[in-house]
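One line per chain: the protein sequences are D, X, W, G and A, in this order.
Residues in the first sequence are numbered from 91 upward in steps of one, following this note's numbering.
Residues in the second sequence are numbered from 201 upward in steps of one, following this note's numbering.
Residues in the third sequence are numbered from -1 upward in steps of one, following this note's numbering.
Residues in the fourth sequence are numbered from 52 upward in steps of one, following this note's numbering.
Residues in the fifth sequence are numbered from 38 upward in steps of one, following this note's numbering.
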Amino acid sequence: MAMLQLENMDCGYGAFHAVHDLSLTIQQGEIFALLGPNGAGKSSTIMSIAGHVQLMSGAIRFDGTDISSLSARERVRLGIAVAPEGRRLFPDLTIEENLTVGGYSLPKGRETINKEIVFTLFPRLTERLKQPASTLSGGEQQMLAMGRAMMAEPRLLMIDEVSLGLMPKMVDVCYHAINHLKSQGVTILLVEQNTKRALEVADQVCVLESGQSVWQGTATEARKAPDLIEAFLGMTKEAS
Amino acid sequence: MLGLGAYEISVITAMGVAVIFALSLNLITGFCGQISLGHAAFYGIGAYTSALLTKAGLPIGVGLLGAVILAGLVGIIVGFASLRVRHDFLAITTMGVGFLFVGITRQLDFVGGEMGVSGIPDSGLSKAGFMLFVLLFVALTILFSLHLKRSWMGYSFDAIASDEDTARVIGLDVSRYKLAAFAMGTALAGLAGALYAHNVRFIDPESFGFVESITVLAMVVIGGIGSVPGVIFAAALLSILPLWIQFFDEYKLLLYGGLLFAMMRFSPGGMAGLARRIFPSKTRGVKS
Amino acid sequence: MLYVELLAQGLVQGSIYALVAVGLTLVYGLLRILHVAHAGLFTLGGYVGVLVTNATGSLLLALLVAMVTVGIVGMAIYRLCYQPILDKPPYVALIASIGLFIAMEEVYRLVFGPYGISFENPPLQDVVQMFGVTLRLGEVATAAGTLLLVGALAVFSGKTRFGTAWRATVTDPDMAESFGIDIIKVRYLNFFIGSAFAASAGVMVALLNNMVEPTMGSVPSYKALAIIVLGGLGDVRGTLLAALALGVIEAFGTIYLGKFLDRDAIAFAFLILVLMVRPQGLFGRA
Amino acid sequence: VKIGMNVPLTGFAAADGKSALLGAELAIEQANAEGGINGTQIELIQYDDLASPKEAVPIANRLISQDEVVVAISGSYSGSTRAAAGVFQSEGVPYVSAYAVHPDITKSGDYVFRTSFVGEVQGRAGAKLIGEMLGKKRVVVITLQNDFGQSLAAGFKEKAADYGIEIVSEYEYSIKDRQFGPIVTKVKADQPDAIYASGYFFTAGPLVNQLRSAGIDVPVIGQEGYDSDKFIEIAGPTSEGVLITTSLDRDSTVAETHDFIQAFEKKAGYNADMVAASGHTAAKVVIEAMRKAGTTDRAAIRDAIAQTNLVASTGTISFNGLGEVKKDVQVQIVKDGAWHHYAVIDDKDLLAPPEE
Amino acid sequence: MTTLLDVSAVTVRFGGVTAVNGVSFSLNKGELLGFIGPNGAGKTTMMRAITGVVTPTEGEIRLLGKILTKLPVHQRVRLGLGFSQQLVKPFRNMTVLENVALAAGSRHTASPFSALFRMKRQREKEQAAQLLAQVGIADAAEADPSNLPLGYLKRLEVARALALKPSLLLLDEPLAGLNHAEAHKLADMIVALNQAGQSIILIEHNLGEVMRICSRLIVQDNGNKIGEGDPEAVMNTSVVRAAYLGEGNGHAAA
Ligand SMILES: Nc1ncnc2c1ncn2[C@@H]1O[C@H](COP(=O)(O)OP(=O)(O)OP(=O)(O)O)[C@@H](O)[C@H]1O
Ligand SMILES: Nc1ncnc2c1ncn2[C@@H]1O[C@H](COP(=O)(O)OP(=O)(O)OP(=O)(O)O)[C@@H](O)[C@H]1O
Ligand SMILES: [Mg+2]
Ligand SMILES: [Mg+2]
């Protein structure tokens, strides 16, 4: 079943269109990778689904209903959570409090359970429960951002730049977490610069360039089409 | 007298003083990003210094010079405080400096205490002559402001106003720049205060209190913080607004307050922002 | 004994400061606005308090009416005045707020007259003796009420889930919303509580002076700013302690330093001294 | 003919400005009803000066050069009156201050007059009242920190010893204060026989109330700043017995004063106070002088003002060489919730205003 | 070979947390040193200690023999440190070009007084334009940094640091947020700089690029130095593999 559908979506800032006429469909339970060079409009797409970047035309359907007029708060109640670009943690709040806010849309009872899950995935966070988020290292912040989004028990989890600033071992941990979530039935939309890594886990792929979709298909197809990789993702042979 | 009546001359003189005063704060707050809620203290220091020096028989030139120097020196001291505290903490610290100034002058007998200083000598020029004298300083202040804005110092101020820590990372000695801003801005405020003293010829502590500090900040913000033409325009306008709207009688101050509010509410960029909206220049974006 | 009495007087004055300043802290904490017009709401509270008491004879009712109406006016001010300029630099809101404050004072003068109004039968004028200190009932009620209200608020904002949500809204409203926090509600509630506190202070001051005047808010308009800075900006407990400390400093200062510095100058001299040693305020985090 | 006036109509001083303006208007209406000045009607031109020196200078220039007023009066506070006086003096326009107390106002020159007491004079009268008439010797002085309070205190202290007064201690407060807890506490410990407290009704009302609530029941002596029904309203029953030195006698049998009190109440809708009477007196002084001079020549009018000998609402007015008023001091007391006659001090030597 | 930077036994503590624990290393002129380690290992903290944003609890840092430890940030920059931060911080009230030109004019801004008498900016703007082209964001020269995607801002940071003509360039994760091609290009540029004589310390998690371009590696974990030397050799030690690399994935190490 289609969980999320973007229909001819245009979004942007003021008069500036960051994304034009984007249509895509994400199925329940799959991992969808949004790829493309800097400034392609990946983050804008995610933030528009989350309700923060202005939708200019088109529709965003979640479970079949158009949610484009809903506020960000109503969207999280439907099960959409985001780990945004730049993490955007609450800097003055401690790790623990950041997680509490993550679970704010749920009844209080779920909070403890979900925290356990996050701590199992990212044990590093347990060591620093009372440390303000602003003083965490880059990688720790990334873990907390993912953990915070997981606290909302989302049905659709959007992660912008999964492996940004993470050491190789930590990248593994994060992808492990993503696979784990998938196995729980969570749908995942991810943005990733590490194309190779993304193609390993994704089911579907969309490549954006200058705000437009230039290629869509399954990850298997993408892996089998080196020209495509060459053309759109900018990977050169020697780097891959 | 240039075809102007005594009233027009006194109005233009008052406007001129206000313009110098507002531009002096614009150096600190507009250019360097250091908000001050106690700027009237330096205006007051200038006024008192020149008043007392000239009353002691010294020529007005010495009075003005003394005002500039003393206000600037005290400004540097307060500038040192700005190195410790930032943003809103700085705003409130400077506000405290303003209250301290008033509190101290009230009790200091040799500056007249509560009674203030009256019988301050006039410039020795005619009313029109003094107006031209003030306008000369206005012109110099404007030229200096424009020059500063275009110099590398103004460029560095921009960086400090935006992000002090990053300014250090590109090698700027932020402390010295901030001190320089305070020294220049407060010295100019001292000049404005001295001119005020010789114009009104009576000063008392209350004339340099919190209300005056707020008024001058309002001039800067309503003009469009950092914009030289905007601040000039706003200072000239706000300084005579109470005289202009006399016919509103009882509703005068209500109107004044309402205008301050409405200006910020509907044109947060001040007059400079308003002008930009009316005459838009080309907008900047990624050229791709 | 004299010292104890001075201390008591200082604490009473401090608790009035606290009631006004806590509202300001809430607004500052949430929106980073130096909300000078807050002092105008304090005055409005005083007017409503006196008018309702004179009409009904009940101070308690008057207090309640003042808190609710002023709370609502506070929300309206947020909606009409601040919300549209939230994304602008802070001094924009500061000047707007000052303009609003001037206009409010003038409205009070035009509507209620320049001389101010008083209680026909001032309540709580009896004198009580406690621990050898003589206080008016009104003063005792002020101090006790403040501790109760501000204490409850401190617990609420520090310990509860809603308090955490409130603090999250402070730094990143968009993200807070993305996790289900109703930021509009948080802000309205914030203005309501802050303004209601100011109103209660207004009523108590009206009672202690038996007078409200249009310019009653002029001292709180800047002193409350000093207090929230002293308290570390945005922290309820810090504000309470700073307000009490300032009240006590002023009480002793008026007697022993009054010849050299006026009350405001004493307060600000203290503030500057503190900030030079602790730039983040008495109770602020570095 | 035009009379100019600068007066605060908005802002913190608006209450006094309103009284002063209404008082002056009343005097002009009365004069116009009697045929104005030798047949010509008088017009009052007033501007709001916010009680600020900065505003007062252009306003004075405007009154002189645009409105071409013949004389001017001040219904404002010291700062703006002092600043405007310089302009009027240098342009040779007679200027009469209604109730501003700053000693330097009349020192601006020979065109500047004042119909109210300088602070020192009233302070001396206060010393006589306490030391001699009430026979109290241990006195606490509570001084308002402004020109008014300072000059009162100076006059009081100057004469205190002459009347055998010992000043136990002195406290100062700011015009913004309404809460006097610490001072009251300390005064209680001082155990004085009487309290000499300067202030205005809006500071003195709370002060007296707080002194009495704390159980201090020695006499409190104030001055014309208290002189308003508002004082009694604010201090409530605790105002009973408070004495002040002032210029307006509520129980006066002098027709001029009596009539003024009634006419003012009719015009304003509230009871006359010292400021209203002073505004009325200042206007009346310039009107009488213009009548006597019989010309609009400013120098002639100035001379006529200097020669004034006039019965006005605030007593019989004449000026000394400096332009300071010579008149008796009224002592009023609060009885049964209203101001009433208590005594008159007419000691010419004691009340002699400064000559320079 | 001259020693450019000498870090000896530096420890940094924040309250109870020891972010850097007695680390020593040195850097020769002309080197391109990779500084790697797990998340939270204290790399950024070490860099901040070098630049003066944090004060080491213990230890000493020298640049060309001169002790830096007591100097404020801007003086260290003037002695020849240039750095690009992990969290980007552009000046938001000027264009991208102006951001870089201001740094390029650092000789004008050494003292406020002399800055007041210098006006011309043309040369610095040209230099800035050149640097922007070098890092690959010439198209954004006139843009307002607030509207730029992260990938651009990262490169703006690098260009601004380069504009200072530092004798030692510190780069904290400059490649993060860039895609393969962009990262590769920027890495090539770093190599080119290095070959032109620029000494560089590079903090980076993009191991592929690190292994490709660095001549020497230092590995830090939990505040402690756990490895140093030739990249291949270092990466093959078991401590490093355990701490840093994932469960046997074939990181295209070189
Ligand atoms: N706040 C903003 N205001 C105006 N324009 C913006 C804003 N944020 C982004 N843009 C513009 O929108 C376009 C798309 O940016 P977006 O951040 O969505 O790209 P991205 O694909 O996420 O890039 P990256 O990989 O660098 O994160 C860019 O041209 C950018 O300049
Ligand atoms: N001000 C601080 N207070 C408390 N702990 C801090 C503070 N600053 C940093 N830390 C801690 O010090 C450790 C080292 O942080 P640092 O930022 O140096 O790591 P890093 O090696 O750069 O990591 P990353 O690769 O994730 O950026 C982290 O665990 C961090 O939480
Ligand atoms: Mg992005
Ligand atoms: Mg780091």
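Every residue, glycine too, gets a C-beta built ideally from N, C-alpha and C.
### Message
Rounded to whole angstroms, what is the Cα-Cα separation between VAL172(G) and LEU195(G)?
### Response
In the fourth sequence, counting from the first residue as 1, residue 172(G) sits at position 121. In the fourth sequence, counting from the first residue as 1, residue 195(G) sits at position 144. Cα to Cα, the separation comes out at about 17 angstroms.
### Task
Buried or exposed for MET(-1)(W), please, with buried defined as at least 16 other CB atoms from any protein chain shown within 10 angstroms of its CB.
The residue given as residue -1(W) occupies position 1 in the third sequence. By the neighbour-count rule (16 or more Cβ atoms within 10 Å), MET(-1)(W) is not buried but exposed.
### Query
In this structure, does DSSP put GLY264(A) in helix, strand or coil?
Translated into the one-based positions of the fifth sequence, residue 264(A) becomes position 227. The three-state secondary structure of GLY264(A), taken from DSSP, is strand.
### GLY285(A) in three-state terms, based on DSSP
For the purposes of this step, residue 285(A) is taken as the residue at position 248 of the fifth sequence. Only weak support is given to the placement of GLY285(A): the predicted model assigns it a pLDDT of 46, under 50, and the value that follows is read from those uncertain coordinates. Of the three classes helix, strand and coil, the one that applies to GLY285(A) here is coil, per DSSP.
### Query
Listed by chain order, which residues have C-beta atoms less than 7 angstroms from any heavy atom of ligand 3?
In chain order, the hits are LYS132(D), SER133(D), GLU175(D), ASP250(D), GLU251(D), VAL281(D), PRO186(A) and LEU187(A).
#### Entry: Own chain partners of GLU83(W) with C-beta closer than 8 angstroms, once the 5 adjacent residues on each side are dropped
In the third sequence, the residue the question calls residue 83(W) occupies position 85. For the sequence presented, residue 83(W) should be read as Ile rather than Glu. Excluding residues up to 5 positions away in sequence, VAL90, ALA91 and ALA94 lie with their Cβ nearer than 8 angstroms to the Cβ of ILE83(W) in the same chain.
### Task
Within the same chain, show all residues whose beta-carbon is closer than 6 angstroms to that of ALA102(G), passing over the 5 residues directly before and after it, in chain order.
Reading the fourth sequence from its first residue, position 51 is the one you call residue 102(G). Excluding positions up to five away in sequence, the list reads PRO59, ALA64, SER127, TYR128 and SER131.
### Message
So LEU101(G) contacts chain X; which residues on that side make the cut at Cβ distance below 9 angstroms?
### Response
Indexing the fourth sequence from 1 puts residue 101(G) at position 50. Scanning chain X for C-beta atoms nearer than 9 angstroms to the C-beta of LEU101(G) yields PRO442, LYS452 and LEU453, reported in chain order.
### Query
Along chain A, which residues have their Cβ under 8 angstroms away from the Cβ of ARG376(X)?
The count along the second sequence starts at 1 and reaches residue 376(X) at position 176. Within 8 angstroms Cβ-Cβ: SER148 and PRO149.
### Query
Is it the case that the CB of ALA218(X) approaches a heavy atom of ligand 2 more closely than 8 angstroms?
Taking the second sequence and counting its residues from 1, one reaches residue 218(X) at position 18. Within 8 angstroms of the C-beta of ALA218(X) there is not a single heavy atom belonging to ligand 2.
#### Entry: Beta-carbon spacing of VAL293(G), ILE216(G) below 9 angstroms
Position 242 of the fourth sequence, counted from the first residue, corresponds to residue 293(G). Position 165 of the fourth sequence, counted from the first residue, corresponds to residue 216(G). For VAL293(G) and ILE216(G), no; Cβs fall outside 9 angstroms.
### Message
In whole angstroms, give me the CA-to-CA distance for PHE268(W) and MET274(W).
### Response
Looking up residue 268(W) in the third sequence gives position 270. Looking up residue 274(W) in the third sequence gives position 276. Approximately 10 angstroms, taken between the alpha carbons.
### Query
Quick one, which residues of the region 239 to 267 of chain X are near chain W if we go by CB-CB under 8 angstroms, in chain order?
Residues of the region 239 to 267 of chain X with a Cβ closer than 8 angstroms to any Cβ of chain W: none.
### Message
Let me check you understand the geometry: is the CB of LYS222(A) closer than 8 angstroms to at least one non-hydrogen atom of ligand 2?
### Response
To locate residue 222(A), count along the fifth sequence from 1; it is residue 185. Answer for LYS222(A): no, Cβ out of range of ligand 2.
### Query
Do we get a CB-CB distance below 9 angstroms when we pair ALA289(A) with the residues of chain X?
For the purposes of this step, residue 289(A) is identified with residue 252 of the fifth sequence, where counting begins at 1. In this prediction, ALA289(A) scores a pLDDT of 36, lower than 50, which makes its location untrustworthy; no coordinate-derived value is stated.
### Interface residues of chain A facing ARG214(D) [CB-CB closer than 8 angstroms]
For the purposes of this step, residue 214(D) is taken as residue 124 along the first sequence, with counting starting at 1. Residues of chain A with a Cβ closer than 8 angstroms to the Cβ of ARG214(D) are, in chain order, ASN76 and GLY77.
### Chain-order list of residues whose beta-carbon lies under 7 angstroms from that of GLY287(A) (same chain, five-residue window excluded)
By one-based count along the fifth sequence, residue 287(A) stands at place 250. Bear in mind that a pLDDT of 42 at GLY287(A), under 50, signals an unreliable position, so the number given afterwards is only what the model happens to contain. Contacts found: none.
#### Entry: Beta-carbon gap between GLY476(G) and SER318(X) smaller than 9 angstroms
There is simply no residue 476(G) to check, as chain G begins at 52 and stops at 407 in what is shown.
### Query
Hey, would you say MET73(W) sits closer than 9 angstroms to PHE190(W), going by beta carbons?
The residue given as residue 73(W) occupies position 75 in the third sequence. The residue given as residue 190(W) occupies position 192 in the third sequence. Yes, they are a contact pair.
### Query
Does DSSP classify ASN89(G) as helix, strand or coil?
Taking the first residue of the fourth sequence as 1, we reach residue 89(G) at position 38. Three-state result, ASN89(G): coil.
#### Entry: Nearest to ALA240(X) (by Cα), restricted to the options THR229(X), ASP358(X), LEU225(X) and THR249(X)
Here residue 240(X) refers to the residue found at position 40 of the second sequence. The shortest Cα separation from ALA240(X) among THR229(X), ASP358(X), LEU225(X) and THR249(X) belongs to LEU225(X).
### Query
Which same chain residues, not among the five before or five after LEU373(G), have their C-beta less than 8 angstroms away from its C-beta?
What you label residue 373(G) is simply residue 322 of the fourth sequence in a count that begins at 1. Around LEU373(G): THR157, LYS158, PRO404, PRO405, GLU406 and GLU407.
### Query
Do you know how far the Cα of SER439(X) is from the Cα of THR162(W)?
For the purposes of this step, residue 162(W) is identified with residue 164 of the third sequence, where counting begins at 1. For the purposes of this step, residue 439(X) is identified with residue 239 of the second sequence, where counting begins at 1. The alpha-carbon atoms of THR162(W) and SER439(X) are separated by roughly 46 angstroms.
### Query
So HIS33(W) is in the alpha helix (DSSP H); what residue range does that whole segment cover?
On the third sequence, residue 33(W) is found 35 positions in, with the first residue counted as 1. Counting along the chain, HIS33(W) sits inside no alpha helix (DSSP H), nor does DSSP assign it H or E at all.
### Task
Taking only beta-carbon positions, decide if TYR103(D) is within less than 9 angstroms of chain A.
To locate residue 103(D), count along the first sequence from 1; it is residue 13. Under the 9 angstroms criterion on CB atoms, TYR103(D) is classed as interfacial with respect to chain A.
### Message
For ligand 1, I want to know if GLN232(D) counts as a neighbour, meaning its beta carbon is within less than 8 angstroms of at least one of the ligand's heavy atoms.
### Response
Walking along the first sequence from the start, residue 232(D) turns up at place 142. Result no, Cβ not under 8 angstroms from ligand 1.
### Message
Measuring alpha carbon to alpha carbon, tell me which residue in PRO104(G), ILE312(G) and ASP244(G) is nearest ALA134(G).
### Response
If you number the fourth sequence from 1, residue 134(G) lands on position 83. The option with the nearest alpha carbon to ALA134(G) is PRO104(G).
### Query
Where VAL137(A) and ALA165(A) are concerned, what is the direct C-alpha to C-alpha distance, given to the nearest angstrom?
Working through the fifth sequence from its first residue, we reach residue 137(A) at position 100. Working through the fifth sequence from its first residue, we reach residue 165(A) at position 128. The straight-line gap from Cα to Cα measures roughly 5 angstroms.
### Query
Using a Cβ-Cβ distance under 9 angstroms, would SER155(W) count as near chain D?
Position 157 of the third sequence holds residue 155(W). Interface with chain D (9 angstroms Cβ-Cβ cutoff): SER155(W) is excluded.
### Contacts that PHE40(W) makes with chain X (C-beta to C-beta distance below 8 angstroms)
Walking along the third sequence from the start, residue 40(W) turns up at place 42. The contacting residues do not exist; PHE40(W) stays about 17 angstroms from chain X at best.
### Message
Comparing C-alpha positions only, which one of ILE73(A), GLY89(A) and GLY119(A) sits nearest to MET295(A)?
### Response
Residue 295(A) lies beyond the stretch modelled for chain A, which goes from 38 to 291, so this question has no answer here.
### Task
Starting from the N-terminal side, write out each stretch of the beta strand (DSSP E) that is 3 residues or longer and does not extend beyond the region 116 to 169 of chain A.
Taking 3 residues as the shortest admissible run, the region 116 to 169 of chain A contains the following complete beta strand (DSSP E) segments, listed from N- to C-terminal end: 118 to 121.
### Task
Return the chain-ordered list of same chain residues with a C-beta closer than 7 angstroms to the C-beta of ARG189(G), the five sequence neighbours on each side being excluded.
The sequence position of residue 189(G) within the fourth sequence is 138, counting from 1. Cβ within range, chain order: GLU217, VAL219, PRO243 and ASP244.
### Message
Whole angstroms are fine: how far does the CA of GLY69(W) sit from the CA of ALA60(W)?
### Response
The residue you call residue 60(W) lines up with position 62 of the third sequence. The residue you call residue 69(W) lines up with position 71 of the third sequence. So the alpha carbons of these two residues sit roughly 14 angstroms apart.
#### Entry: 4 or more residues per run - each alpha helix (DSSP H) lying fully within the region 63 to 89 of chain G
Within the region 63 to 89 of chain G, the complete alpha helix (DSSP H) segments of 4 residues or longer fall at 65 to 84, listed in chain order.
### Message
Quick check on ILE276(X) - is its C-beta less than 9 angstroms from some C-beta in chain A?
### Response
What you label residue 276(X) is simply residue 76 of the second sequence in a count that begins at 1. No, no contact with chain A.
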